[in-house]
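Residue numbers (UniProt numbering), protein chains in the order written: chain A, 1 to 141; chain B, 1 to 147. What follows is a short report on a single structure.
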């Protein structure tokens, strides 16, 4: 349940991330794969070394999708429909991993925003990312 | 038995050497109560928890946050036997405080994020991995005496 203020806050934060989407995205993925090595199993087809172009381009895709969705959170189900299908029928990433990436996204945001990533922003962002992950997993079964 | 590499020990030591318990403790606990409001169920006697501002300015929460964080020092000083180090605290949390052990993970996630905010990019992915490994061992030890 997100208030209007929280939705604005979330959109503002992601808007700032769009110009640095590759850097932020790559960092989120790297944090996830370093802290939770089991997640590396989904990236056997990519070069996942730090600063690799694959990591940056893949990270960018993820950040841009999250940022795009944040501009109109109430339309999440519509915006994410193609990604829902992709994750359910093609990628088939176990949804428990979404939580791990979400956590690493929060850590990345905290590391870059410092005090600005205060408890209110953290709570709003955690709620948004949880909702995003839940919608992404909706077509799985 | 948990095996720690030299790099992991160094990362964990470094993080703790820079830790201001009186700052991070309160920040961590108040963040947990704000981000996961159901955790407030354990803090009925702690006064005003009505909103984020009240929680962040609550002196009882601040003091308790420091106490909880100081508890981590025990693990830091006994990294090769965290399991037994926390046996007593585990019984306390299960039988007296009756805290659902899932909450330990919520608090440890908040602590990770508070430290990331303080250390910025110095909190590298490797540091994060080492620190989270340390916290997961602590969380597991605290949950051991629940029956």
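Positions of the beta carbon are idealized from the N, C-alpha and C atoms, including for glycine.
- From the beta-carbon of residue 103(A), the residues of chain B found nearer than 7 Å are 109.
- Assigned with DSSP and collapsed to three states, residue 114(B) falls in helix.
- Our two residues, residue 132(A) and residue 131(B), have alpha carbons roughly 27 Å apart in a direct line.
- A residue is called buried when at least 16 other Cβ atoms come within 10 angstroms of its Cβ; residue 91(A) does not meet this threshold and is exposed.
- Under a criterion of Cβ atoms nearer than 8 Å, no residue of chain A is adjacent to residue 2(B); the nearest Cβ is some 16 Å distant.
- Taking the Cα positions, residue 40(B) is about 9 Å away from residue 46(B).
- Counting only runs of at least 4 residues, the UniProt domain "Globin" (3-147) of chain B fully encloses the following alpha helix (DSSP H) elements, listed from N- to C-terminal order: 6-17, 21-35, 52-56, 59-77, 82-85, 87-91, 102-119, 125-142.
- Sequence-distant Cβ neighbours of residue 116(B) in its own chain, meaning closer than 6 Å and more than five residues away, are 123.
- The beta carbons of residue 25(B) and residue 85(B) sit no closer together than 8 Å.
- Using a Cβ distance threshold of 8 Å, residue 29(A) and residue 55(A) count as a contacting pair.
- Residue 114(B) places its beta carbon less than 8 Å from that of residue 28(B).
- For residue 78(B), the number of other beta carbons within 10 angstroms of its own is below 16, and it is reported as exposed.
- Sequence-distant partners of residue 23(A) (beyond 5 residues in either direction) whose C-beta falls short of 6 Å from its own C-beta are missing from its chain.
- Inclusion of residue 61(B) and residue 30(B) in the CB contact set at 8 Å is warranted, their separation being smaller than that value.
- Here the C-alpha atom of residue 65(A) lies approximately 34 Å from the C-alpha atom of residue 12(B).
- Judged by pairs of C-beta atoms under 8 Å, the region 96-104 of chain A does not touch the region 43-51 of chain A, as fewer than three such pairs exist.
- Secondary structure of residue 51(A) (DSSP, three-state): coil.
- In this structure residue 95(B) is exposed. Its beta-carbon is surrounded by fewer than 16 other beta-carbon atoms within 10 angstroms.
- For the 8 Å CB-CB criterion, residue 60(A) and residue 11(A) do not form a contact.
- No residue range can be given for residue 140(A), since it is assigned to no alpha helix (DSSP H) and is classified by DSSP as neither H nor E.
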